[in-house]
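Enquirer:
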Amino acid sequence: MSQQKVDSSVKKSLERKRFQQALDVLRSESKYGRMMADQVFGEVVEAEESPDFIMKTPSRSDTIIGVEHLHTDPSGREYSNQGRRSKPPTHQSELKRVKRAQDALQEDGRQIDWDDHEQISGIAERLNKIISNDARILSESDVPRQIEDLNFSLQHHLRKTESYRNNVLDCGSRMSPRHEYGGLVFYVDMQCDYSYFTINQPGRAPRECRQGELPLFPEIIQLIREAAKNDVRWMLISTSTMITDEMTGSFLFDTSDIETSIRQQGLNPCLRFICQMHKPFDNERPFVYKGEVNDDNGIDLILNRKQRAGTRRQLQRLVKVEVCKAIDAMEHDQAFIASPAVQLMINEYGAYLLKCKQPGVSLKPGVMDRLLGLIRH
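Below, the structure written as structure tokens:
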């Protein structure tokens with residue numbers, strides 16, 4: 001990736017401005033966030049590198065902490081002298097086209113007669129035709145890629161925690177022998193866009209994820225736990241939109257008591273049921289390997305007839321697997337996000353499947369097909 005050199009003072013100014021913005025948003029999010037921000041983050045006494053900032057803690061004026069800024073961005077943006085560069089959306093027309101098809105199917109589904117197996121099968125067939133369109137957009141909104149990027153950045157900085165600690169201690173000794181080391185803060189600046197997905201929370205109506213909203217995936221919680229083992233005392237995570245870079249949220253995790261931090265900020269661990277259709281099937285080559293722009297219809301996959309037929313069957317199977325997992329999550333009152341094809345089946349069949357499935361037993365695609373009358377006993 002080509003990289004434009006950035007004047008260090010400009011870069012530091014941008015980092016400091018971004019960090020302060022994250023603290024301001026944190027204070028506005030919850031009482032817990034405001035309390036912790038006021039207790040942990042005080043006057044900056046040094047702003048060099050390794051770590052990026054050294055600060056006093058307001059609650060204990062003789063204690064200093066180190067703050068290191070991590071910027072994660074799976075799309076590969078970088079700093080420039082004007083700030084962070086943003087690429088325009090490349091799949092907006094595709095999103096609109098898929099949304100129109102989903103809305104039409106949703107409308108027809110409201111009139112469904114559960115005793116009419118032919119009608120149920122017809123709705124399911126129309127649903128299957130929408131599934132392949134998922135792949136072209138999911139590759140743009142890839143959760144595993146986001147987690148992988150966060151993990152890569154975190155591991156890179158965790159290898160330097162001893163150096164960060166020593167530099168904070170050196171700074172403290174230069175200031176006064178009385179200063180104590182209070183730990184490290186990793187500030188993670190994350191750009192994300194999961195607005196293509198729907199979030200399902202117990203007791204609430206499903207809704208689209210907002211741009212810049214970051215569901216608290218189990219992998220993120222696990223990475224916070226891993227950081228706790230490496231001298232990271234707090235993890236501050238801010239979220240922003242992919243396109244405009246507008247900050248949308250900020251959360252602080254006390255790594256000595258992660259569960260309390262999650263609860264006090266009104267957060268819920270969130271599973272995901274997303275058909276990763278741009279990934280290889282059974283270690284084969286990904287089917288989304290090449291595309292061409294079509295002015296009327298967005299991006300078309302280049303597949304021959306045999307590939308298309310095989311791909312449709314595989315996609316149908318994968319979506320059904322994810323739907324079954326989602327129904328099990330609903331049974332256990334777990335929050336989750338779902339990709340459109342998965343969500344469509346949940347919207348149409350979720351309550352029915354939840355009522356008909358055997359309690360406490362994981363739902364399987366074959367059982368689901370029989371319950372829906374797609375295969376005869």
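At position 102 of the sequence shown the residue is numbered 102 (the UniProt record's numbering), and the sequence of numbers has no breaks.
Glycine is no exception: its CB is placed at the ideal position from the N, C-alpha and C atoms.
Using 7 Å as the threshold, is the C-beta distance between Q211 and T239 below it?
Expert: For the purposes of this step, residue 211 is taken as the residue at position 211 of the sequence shown. For the purposes of this step, residue 239 is taken as the residue at position 239 of the sequence shown. For Q211 and T239, no; Cβs fall outside 7 Å.
Enquirer: If distances are taken between C-alpha atoms only, which option among K12, D170, E49, F186 comes closest to F41?
Expert: Looking up residue 41 in the sequence shown gives position 41. Ranking the options by Cα distance to F41, first place goes to F186.
Enquirer: Tell me, to the nearest whole angstrom, how far the beta carbon of A227 is from that of T260; I am working on the premise that it is less than 8 Å.
Expert: As a first step, residue 227 is located in the sequence shown; it is residue number 227 there, counting from the start. As a first step, residue 260 is located in the sequence shown; it is residue number 260 there, counting from the start. Not really, about 17 Å apart at Cβ, beyond 8 Å.
Enquirer: Just how far apart, CA to CA, sit G249 and G266?
Expert: The count along the sequence shown starts at 1 and reaches residue 249 at position 249. The count along the sequence shown starts at 1 and reaches residue 266 at position 266. Cα to Cα, G249 sits roughly 13 Å from G266.
Enquirer: Please report the Cβ distance between C275 and E322, rounded to the nearest whole angstrom; I am assuming they are in contact, meaning their Cβ atoms lie under 8 Å.
Expert: Position 275 of the sequence shown holds residue 275. Position 322 of the sequence shown holds residue 322. The pair is a contact, with the Cβ atoms about 5 Å apart (cut-off 8 Å).
Enquirer: Alpha carbon to alpha carbon, how far is D369 from M345?
Expert: Against the sequence shown, residue 369 aligns to sequence position 369. Against the sequence shown, residue 345 aligns to sequence position 345. Going by the C-alpha atoms only, they are around 12 Å apart.
Enquirer: Enumerate in chain order the residues of its own chain whose CB-to-CB distance from V188 is below 6 Å, with the five nearest sequence positions on each side excluded.
Expert: On the sequence shown, residue 188 is found 188 positions in, with the first residue counted as 1. Excluding sequence neighbours, V188 sits near L70, I237.
Enquirer: Any idea what DSSP makes of S13, helix, strand or coil?
Expert: The sequence position of residue 13 within the sequence shown is 13, counting from 1. It is helical.
Enquirer: With a threshold of 16 other CB atoms inside 10 Å of the CB of N283, please say whether the residue is buried or exposed.
Expert: Against the sequence shown, residue 283 aligns to sequence position 283. For N283, the pLDDT reaches just 41, beneath the cut-off of 50, and the residue's location in the model is therefore unreliable, although a value from the coordinates is still provided. Exposed: under 16 other Cβ atoms inside 10 Å.
Enquirer: Would you call the stretch 47-65 and the stretch 159-179 touching, i.e. three or more CB-CB distances under 8 Å?
Expert: Enough Cβ pairs lie closer than 8 Å, so yes.
Enquirer: Is the distance from the Cβ of P269 to the Cβ of P218 below 7 Å?
Expert: On the sequence shown, residue 269 is found 269 positions in, with the first residue counted as 1. On the sequence shown, residue 218 is found 218 positions in, with the first residue counted as 1. Yes, the Cβ-Cβ distance between P269 and P218 is below 7 Å.
Enquirer: By the three-class DSSP mapping on this structure, what secondary structure does H71 have?
Expert: Here residue 71 refers to the residue found at position 71 when the sequence shown is read from its first residue. Strand.
Enquirer: How should Q222 be labelled, buried or exposed, when 16 other C-beta atoms within 10 angstroms of its C-beta is the threshold for buried?
Expert: Indexing the sequence shown from 1 puts residue 222 at position 222. Exposed: under 16 other Cβ atoms inside 10 Å.
Enquirer: How would you write the range of the beta strand (DSSP E) that M190 sits in, first residue to last?
Expert: The residue labelled residue 190 in the question sits at position 190 within the sequence shown. It spans 180-191 - the beta strand (DSSP E) in which M190 sits, taken as one unbroken run.
Enquirer: Based on Cα-Cα distance, which residue from S163, V232, R159 lies nearest to G183?
Expert: Mapped onto the sequence shown, residue 183 falls at position 183. Nearest of S163, V232, R159 to G183, Cα basis: V232.
Enquirer: Go through its chain and collect everything with a Cβ distance to F273's Cβ below 8 Å, but skip five positions before and after it.
Expert: On the sequence shown, residue 273 is found 273 positions in, with the first residue counted as 1. Same-chain partners within the cutoff: E322, V323, K325, A326, A329, F336, I337, A338, S339, V342.
Enquirer: Pick helix, strand or coil for C270, following the three-state DSSP scheme.
Expert: Numbered from its first residue, the sequence shown carries residue 270 at position 270. If DSSP states are grouped into helix, strand and coil, C270 belongs with the strands.
Enquirer: Would you mind stating whether N230 and S50 have Cβ atoms separated by less than 7 Å?
Expert: Sequence index remark: in the sequence shown, residue 230 carries index 230 (1-based). Sequence index remark: in the sequence shown, residue 50 carries index 50 (1-based). Cβ atoms of N230 and S50: not closer than 7 Å.
Enquirer: Would you tell me roughly how many angstroms separate the C-alpha atoms of S13 and T57, rounded to the nearest one?
Expert: Counting from one through the sequence shown, the residue named residue 13 turns up at place 13. Counting from one through the sequence shown, the residue named residue 57 turns up at place 57. Distance between the alpha carbons of S13 and T57 is about 21 Å.
Enquirer: To test your reading of the DSSP string, which unbroken beta strand (DSSP E) runs of 3 or more residues are found completely within the stretch 205-275?
Expert: Runs of the beta strand (DSSP E) inside the stretch 205-275: 232-240, 247-254, 270-273.
Enquirer: Are D52 and E15 touching if we call contact CB-CB under 7 Å?
Expert: Taking the sequence shown and counting its residues from 1, the one referred to as residue 52 is at position 52. Taking the sequence shown and counting its residues from 1, the one referred to as residue 15 is at position 15. Yes, they are a contact pair.
Enquirer: Using the Cα positions of I224 and H156, report the straight-line distance between them to the nearest angstrom.
Expert: One-based indexing of the sequence shown puts residue 224 at position 224. One-based indexing of the sequence shown puts residue 156 at position 156. Looking at the two C-alpha atoms, the distance is approximately 14 Å.
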